[in-house]
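Residue numbers (this note's numbering): 441 to 556.
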């Protein structure tokens with residue numbers, strides 16, 4: 441394998457991982473488990489209660505919790521708490537989509553390799 445081909449494959453793998461992470465987060469926004477806050481901050485029940493209160497307030501205003509409500513709450517989090525949530529999602533949540541099962545990644549890989 442040539443060094444250029446190896447670099448392209450490495451770049452494609454990283455790009456695919458990033459795409460999957462973004463898709464996984466997007467699916468999470470629409471399908472989050474009801475107790476995700478308590479799970480993410482299980483080591484700090486006071487913080488979990490505080491963040492749950494803020495989350496509930498965001499959703500009650502609309503009468504339901506839309507993806508927009510979720511994102512408003514997410515963007516209100518400090519960088520550290522956003523990172524905590526993103527790391528937890530990466531470790532504990534897997535979207536069910538054609539991309540997460542590998543279908544479609546070939547097209548991503550082909551497009552990435554031709555654009556280098």
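Where a beta carbon is used, it is the ideal one built from N, C-alpha and C, also for glycine.
Annotation for residue 513: the continuous alpha helix (DSSP H) segment containing it runs 507-516.
Annotated three-state conformation of residue 503 is coil, per DSSP. Linking residue 481 to residue 513 through their CA atoms gives a straight-line distance of about 15 Å.
Under the three-state reduction of DSSP, residue 490 is assigned to helix. A Cβ-Cβ contact shorter than 8 Å links residue 494 with residue 516. Its chain contains 464, 465, 468 as the residues whose beta carbon lies nearer than 7 Å to that of residue 529, once the 5 sequence neighbours on both sides are disregarded; these appear in chain order. Residue 533 carries a coil assignment under DSSP once its states are collapsed to helix, strand and coil.
Residue 476: member of the alpha helix (DSSP H) spanning 476-480, first to last residue. Residue 484 and residue 473 have their C-alpha atoms roughly 19 Å apart. Here residue 484 carries a coil assignment [DSSP, helix/strand/coil]. Residues 469 of the same chain have their beta carbon placed closer than 6 Å to that of residue 510, with the five preceding and five following residues left out of the count. Residue environment: residue 458 is assigned as exposed (fewer than 16 neighbouring CB atoms within 10 Å of its CB, all protein chains considered).
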